[in-house]
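Undergrad:
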Amino acid sequence: MSISPTSHQLAWQRAGFGVFCHFGVNTFHGREWSDGTLPAASFAPTAFDARRWADAAAEAGARYLVVTAKHHDGFCLWPTATTDYSVRSSPWRGGRGDVVGEVAEACRAAGIGFGVYVSPWDRNASCYGDPAAYDDFYVRQLTELCTGYGELFEIWFDGAGSEGRVYDWDRFMGVVAEHQPGAMVFNMGRPTIRWVGNEDGLAADPVRYAVAHTEKSMFTGEVDTLGAATYLPPECDVPIRGDWFWQPDDAHTLKSLRHLMAIHYRSIGLGAGLLLNVGPDRRGLFDDADAARLAEFGAEVRRRFGSPVEAVLSVEGDVVVARFAAPVALDHVELREDLAEGQRIFAHEIFADGVAVVSGGTVGVRRLHAVGSRTVRELRIRLDAGRLESVAAHVTGVERPEEPEEQPERPPGKIM
1 MSISPTSHQL AWQRAGFGVF CHFGVNTFHG REWSDGTLPA ASFAPTAFDA RRWADAAAEA
61 GARYLVVTAK HHDGFCLWPT ATTDYSVRSS PWRGGRGDVV GEVAEACRAA GIGFGVYVSP
121 WDRNASCYGD PAAYDDFYVR QLTELCTGYG ELFEIWFDGA GSEGRVYDWD RFMGVVAEHQ
181 PGAMVFNMGR PTIRWVGNED GLAADPVRYA VAHTEKSMFT GEVDTLGAAT YLPPECDVPI
241 RGDWFWQPDD AHTLKSLRHL MAIHYRSIGL GAGLLLNVGP DRRGLFDDAD AARLAEFGAE
301 VRRRFGSPVE AVLSVEGDVV VARFAAPVAL DHVELREDLA EGQRIFAHEI FADGVAVVSG
361 GTVGVRRLHA VGSRTVRELR IRLDAGRLES VAAHVTGVER PEEPEEQPER PPGKIM
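Take the sequence shown: its letters are residues 1 to 416, numbered as in full-length UniProt numbering.
Listed below in structure tokens is the structure:
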């Protein structure tokens, strides 16, 4: 039986690339996690400009941006009515600011989707120890976010810290279903997309869209069992530096362009989504070096894959023939599967001039293959099942994909 995507899932998959922004009270204390006691008054960006975030993301090719509306510490980047632990209690904008609102507006202006990360675990809320009271509290927070900021592209639920906790997901998902039925739900509750299982931004062939469980956290082997196979394409999340929140001492961990391209091949190039984190600094802007690397990454992806030469497809027996209008020089081939009836291709092989040049497992929404420099008039692709939507040739000047580099160790003491 084929399990097919909804139109919203397919739109999310075709978007492919998003930017994550971890920003909050932790930014001002050199912390990745904190325990909910850092003073709200310490949240004091000096030059916050959401338009620059959204414009940088869009110019790099991102189709959406997700902001940490509430991290595990419980500090809220919108003036919520549920707690005083928010921007309302900070000196920024005289206590009248709304990071979530400004980022939502900036994303709309830039033509990209907007999403929110909202941690179920809350280390500040005094009611967290009372499950029923906290469920009420969290429902109110979700309702504010789902009704106050226009259409949400994605709602990101982080399982960290919630290991063993049973929330009232039926109520939480009821809020989403009522107010944001088109939003992608990441990994918990009634998910429509799932975590890839690591924070390195790397998927592995095969990338299966129909799964029967999701992994909740990198800190436990606990999984959420779905009962039956469900269409849940994966999202690969990874920070552009070694940390998620901006840190004053981790500039040396900024990922190289080579490493980011390796991530691109191992996420988008395998049919998964990519959510690349760029944590704004204490000014409320992307660090200059981070912004430059993000722009460099976007430019290199465009250089390699921004001018595809499309083939005309026909079927001859068990082979798809991809014919080009004229002989074409290429070193990469891009395949896209017709997913209308679900993911059906789990093995494929590409032939040029009668010789097999590459083989693989799944194709999915997008599959990139380096095939060596050659000039061809046609390619032949053998599939185990399913149909291709398109085949395209690319000239990148790159003979083989980059490999992920060993990353510097993160300084200790940032999680508490």
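From the three backbone atoms N, C-alpha and C, an ideal C-beta is built for every residue, glycine too.
Small disclaimer: the values here were computed from a predicted structure and weren't measured.
Assuming His-8 is part of the alpha helix (DSSP H), what are its boundary residues?
TA: 7-15
Undergrad: Please identify the residue among Thr-83, Ala-106, Gly-95 and Val-118 whose C-alpha is closest to the C-alpha of Ser-126.
TA: Thr-83
Undergrad: Distance, Cα to Cα, Pro-401 vs Gly-342?
TA: 28 Å
Undergrad: With C-beta atoms as the reference, is Gly-101 less than 9 Å away from Gly-74?
TA: no
Undergrad: From which residue to which residue does the alpha helix (DSSP H) around Cys-146 run?
TA: That run of the alpha helix (DSSP H) goes 131-148.
Undergrad: Which first and last residues belong to the beta strand (DSSP E) in which Met-188 is found?
TA: Careful: Met-188 lies outside any beta strand (DSSP E) and carries neither H nor E.
Undergrad: Can you grab the Cα-Cα spacing for the pair Glu-199 / Trp-246, in whole Å?
TA: Rounded to the nearest whole angstrom, the CA to CA distance from Glu-199 to Trp-246 is 16 Å.
Undergrad: Do you know how far the Cα of Trp-169 is from the Cα of Phe-17?
TA: 28 Å
Undergrad: Can you tell me where the beta strand (DSSP E) with Glu-334 in it begins and where it stops?
TA: 319-337
Undergrad: Once DSSP output is grouped into helix, strand and coil, what is the label at Leu-260?
TA: helix
Undergrad: Using a Cβ-Cβ cut-off of 8 Å (strictly less than) and excluding sequence neighbours within five positions of Ala-109, which residues of its own chain qualify?
TA: Arg-51 and Ala-54
Undergrad: In angstroms with no decimal places, state the Cα-to-Cα distance between Trp-121 and Tyr-128.
TA: 8 Å
Undergrad: At what residue ranges does the region 266-305 contain a whole run of the alpha helix (DSSP H), taking only runs of 4 or more?
TA: If only complete runs of 4 or more residues are kept, the region 266-305 shows the alpha helix (DSSP H) at 288-305, in order along the chain.
Undergrad: Tell me where the alpha helix (DSSP H) around Asp-205 begins and ends.
TA: Element bounds for Asp-205: n/a, residue is neither H nor E.
Undergrad: On the DSSP bridge assignment, give the partners of Tyr-64 in chain order.
TA: Gly-18 and Gly-113
Undergrad: Examine the Cβ distances between the region 279-298 and the region 334-351 and report whether three or more of them are shorter than 8 Å.
TA: Taking a cut-off of 8 Å on C-beta distances, the region 279-298 does not touch the region 334-351, as fewer than three cross pairs fall below it.
Undergrad: Pull up the distance between the alpha-carbon of residue 466 and that of Asp-338, whole angstroms please.
TA: Here the chain has residues from 1 to 416 only, and residue 466 is not among them.
Undergrad: Does Glu-105 come out as helix, strand or coil in the three-state DSSP assignment?
TA: Reduced to three states, the DSSP call for Glu-105 is helix.
Undergrad: Trp-78 to Val-321, Cα distance in whole Å?
TA: 53 Å
Undergrad: Residue 417 to Ala-177, Cα distance in whole Å?
TA: Since the first and last residues shown for the chain are 1 and 416, residue 417 lies out of range.
Undergrad: To the nearest angstrom, how far is it from the Cα of Leu-368 to the Cα of Gly-273?
TA: 13 Å
Undergrad: Taking the alpha carbon of Gly-161 as the point to measure from, which residue in Pro-206, Ala-40 and His-72 has its own alpha carbon closest?
TA: Relative to Gly-161, the option among Pro-206, Ala-40 and His-72 whose CA is nearest is His-72.
Undergrad: In angstroms, rounded to a whole number, what distance separates the CA positions of Ser-406 and Asp-49?
TA: For clarity, residue 406 is Glu in the given sequence; the question names Ser instead. Looking at the two C-alpha atoms, the distance is approximately 33 Å.
Undergrad: So Val-398 and Ala-370 are supposed to be a Cβ contact under 8 Å. How far apart are they, rounded?
TA: 7 Å
Undergrad: Taking the Cβ atom as the reference point for each residue, do residue 424 and Gly-115 lie within a distance shorter than 9 Å?
TA: The chain is shown from 1 up to 416; residue 424 falls before or after that span and cannot be answered.
Undergrad: Taking just the CA atoms, how far does Cys-236 sit from Arg-266?
TA: 9 Å
Undergrad: What are the boundary residues of the alpha helix (DSSP H) that includes Glu-178?
TA: Annotation: the continuous alpha helix (DSSP H) that includes Glu-178 extends over 169-179.
Undergrad: Using a 10 Å radius around the Cβ and a threshold of 16 neighbouring Cβ atoms, would you call Gly-97 buried or exposed?
TA: A residue is called buried once 16 or more other Cβ atoms fall within 10 Å of its Cβ, and Gly-97 is buried on that count.
Undergrad: Is Ala-289 closer than 9 Å to Ala-56 when the C-beta atoms are compared?
TA: no
Undergrad: For Val-67, count neighbouring Cβ atoms within 10 angstroms of its own Cβ and tell me buried if that reaches 16, exposed if not.
TA: buried
Undergrad: In whole angstroms, give me the CA-to-CA distance for residue 426 and Leu-202.
TA: An answer regarding residue 426 cannot be provided, because it is not within the stretch 1 to 416 covered by the chain.
Undergrad: Give every residue of the same chain whose Cβ lies closer than 7 Å to the Cβ of Gly-271, excluding the five residues on either side of it in the sequence, and list them in chain order.
TA: Val-207, Thr-362, Val-363, Gly-364, Val-365, Arg-366 and Arg-367
Undergrad: What is the rounded straight-line gap between the Cα of residue 445 and the Cα of Lys-255?
TA: Nothing about residue 445 can be reported from this structure: the residues present for the chain run from 1 to 416 only.
Undergrad: Here's the rule: buried if 16 or more other CB atoms are within 10 angstroms of the residue's CB, otherwise exposed. What is Ser-7?
TA: exposed
Undergrad: Cα separation between Ala-212 and Ala-62?
TA: 29 Å
Undergrad: Rounded to whole angstroms, what's the CA-CA distance from Phe-43 to Leu-335? Just pull it up for me.
TA: 46 Å
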